[in-house]
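Q:
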Amino acid sequence: DLRFFGGIPYAAPPVGPLRFHPPAPPLPWDGARDAAKPGARCIQDPKGDLEMGRNTSEDCLTLNVWTPPVRASGERRPVLVWLHGDGAWEHDNPNSAYVFGGAGGVRQVCADRGVICVSAQSPDATGTRTWWEDPTRNVTYLTDLIGKLKTDYSPSRIILAGYSGGAQFTTQYFIPQKSGVLGAGGSIVFGGGGKPVSPTNPSFTTTFKNSWWMHWATGALDTAANSSEGYDALGFAQAGASWYQTAGFST
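Reading the sequence shown from the start, the letters are residues 25 to 275 in our numbering.
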């Protein structure tokens with residue numbers, strides 16, 4: 025059994041005076057909200073949008089949430105936050121077996137293990153949606169989101185899972201800057217996950233290093249030579265895993 029709640033507003037639409045500012049609290053609504061479908065995609069630059077503007081809106085700061093069946097009252101569950109790859113294809117297509125759907129998809133794997141799965145959409149609205157192109161703004165956004173998830177779900181731990189650009193953002197920017205908001209948990213990154221960029225040499229407490237496990241999964245052929253954009257996912261993953269292992273993390 026798996027329950028889906030789609031298009032849940034995380035913040036107010038970034039329009040008018042809210043443009044180019046940190047997320048503002050979401051607007052309240054009356055009664056029950058229809059959460060049967062995923063929320064809209066952020067408006068894209070037409071030159072970089074392969075879907076030609078389909079299902080886009082400025083009101084796009086929403087989450088898709090999958091939860092396992094209800095258990096005993098007061099039981100705390102882990103929360104996995106999925107950070108999409110460039111273009112957010114998997115966020116826009118949650119029923120595809122490519123990432124989320126199917127018996128082996130992320131949401132079913134989470135459900136089988138009693139983990140709440142949250143697919144977070146980057147607020148990036150310039151060109152292709154990414155997590156890494158505007159890291160300062162997106163670090164703030166994800167920090168606020170994790171704080172909200174902790175308030176709403178009181179999770180036993182936070183797990184960050186990122187693909188490609190989401191993997192890069194996780195290990196290069198977010199963990200180096202915000203280990204203090206994560207607490208116990210871990211990260212799983214696919215197709216990348218390089219060593220810290222900002223800052224380049226972060227410090228971590230012994231408590232955090234002992235309570236935060238890290239996993240990398242990248243194919244042997246996922247190299248610059250096989251990428252039309254020259255993206256060396258394997259090289260980034262190897263450099264990231266080596267750096268964090270040297271820093272004292274379990275990898």
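Glycine included, every Cβ here is placed at the ideal spot set by N, Cα and C.
Model, not experiment: these values are computed from the prediction.
If Asn88 sits next to His115, beta carbons under 8 Å apart, how far is it from one beta carbon to the other, in whole angstroms?
A: Within the sequence shown, residue 88 is the residue found at index 64, counting from 1. Within the sequence shown, residue 115 is the residue found at index 91, counting from 1. That belief holds up - the Cβ atoms of Asn88 and His115 are roughly 7 Å apart, short of 8 Å.
Q: Among the candidates Thr194, Ser211, Tyr268, whose CA atom is the shortest distance from the CA of Thr230?
A: One-based indexing of the sequence shown puts residue 230 at position 206. Answer by Cα proximity: Tyr268.
Q: Out of curiosity, what's the CA-to-CA distance linking Leu166 and Ala244?
A: Translated into the one-based positions of the sequence shown, residue 166 becomes position 142. Translated into the one-based positions of the sequence shown, residue 244 becomes position 220. Answer to the nearest angstrom: the Cα atoms are 30 Å apart.
Q: Can you give me the C-alpha to C-alpha distance between Arg101 and Gly138, rounded to a whole angstrom?
A: Residue 101 sits at position 77 when you count from the first residue of the sequence shown. Residue 138 sits at position 114 when you count from the first residue of the sequence shown. Their backbone Cα atoms lie some 7 Å apart in a straight line.
Q: For Trp240, list the residues DSSP reports as bridge partners.
A: The residue you call residue 240 lines up with position 216 of the sequence shown. Per DSSP, Val213.
Q: Can you grab the Cα-Cα spacing for the pair Thr152 / Asp110, in whole Å?
A: Along the sequence shown, read from residue 1 onward, the residue named residue 152 stands at position 128. Along the sequence shown, read from residue 1 onward, the residue named residue 110 stands at position 86. Going from the Cα of Thr152 to the Cα of Asp110 covers about 6 Å.
Q: Check Pro46 in the structure and name its three-state DSSP category.
A: Here residue 46 corresponds to residue number 22 of the sequence shown, with the count starting at 1. Pro46: coil per DSSP, three-state reduction.
Q: Starting from the C-beta of Ala271, find all residues in its chain whose C-beta is less than 8 Å away, skip the five residues before and the five after it, and write them out in chain order.
A: The residue labelled residue 271 in the question sits at position 247 within the sequence shown. The residues are Phe228, Lys233.
Q: Check for me: the alpha helix (DSSP H) holding Trp90 runs from which residue to which?
A: The count along the sequence shown starts at 1 and reaches residue 90 at position 66. No alpha helix (DSSP H) contains Trp90, which is instead part of the beta strand (DSSP E) from 86-91.
Q: Would Trp53 be called buried (16 or more neighbouring beta carbons within 10 Å of its own) or exposed?
A: For the purposes of this step, residue 53 is taken as the residue at position 29 of the sequence shown. Exposed, since its Cβ has fewer than 16 Cβ neighbours within 10 Å.
Q: Using a Cβ-Cβ cut-off of 7 Å (strictly less than) and excluding sequence neighbours within five positions of Ala263, which residues of its own chain qualify?
A: The residue you call residue 263 lines up with position 239 of the sequence shown. Answer for Ala263: Gly218, Lys219, listed in chain order.
Q: With a 10 Å radius around its C-beta and 16 neighbouring C-beta atoms as the bar for buried, classify Val142 as buried or exposed.
A: As a working mapping, residue 142 is identified with position 118 in the sequence shown. So Val142 counts as buried.
Q: Within the same chain, show all residues whose beta-carbon is closer than 7 Å to that of Gly189, passing over the 5 residues directly before and after it, in chain order.
A: Position 165 of the sequence shown, counting from 1, holds the residue named residue 189. Gly109, Asp110, Thr154, Trp155, Trp156, listed in sequence order.
Q: Quick check: does the Cβ of Ala244 come within less than 7 Å of any heavy atom belonging to the ligand GDP?
A: Among the components modelled here there is no ligand, and therefore nothing to report on the ligand GDP.
Q: For a minimum of 4 consecutive residues, which ranges assigned as the alpha helix (DSSP H) are wholly contained in the stretch 129-203?
A: Complete alpha helix (DSSP H) runs here, min 4: 130-136, 159-177, 189-193.
Q: Take the Cβ of Ala64 as the centre, count every other Cβ of all protein chains shown within 10 Å, and call the residue buried at 16 or more, exposed below.
A: As a position in the sequence shown, residue 64 is number 40, starting the count at 1. Per the 10 Å Cβ criterion, buried.
Q: Once you ignore the five residues that flank Thr86 on each side, which residues in its own chain have a CB closer than 7 Å to its CB?
A: The sequence position of residue 86 within the sequence shown is 62, counting from 1. Taken in chain order, the residues that qualify are Gly31, Ile32, Pro33, Tyr34, Gly63, Gln145.
Q: Considering only the beta carbon of each residue, do Ala265 and Trp236 sit closer than 8 Å?
A: Taking the sequence shown and counting its residues from 1, one reaches residue 265 at position 241. Taking the sequence shown and counting its residues from 1, one reaches residue 236 at position 212. Going by C-beta atoms, Ala265 is not nearer than 8 Å to Trp236.
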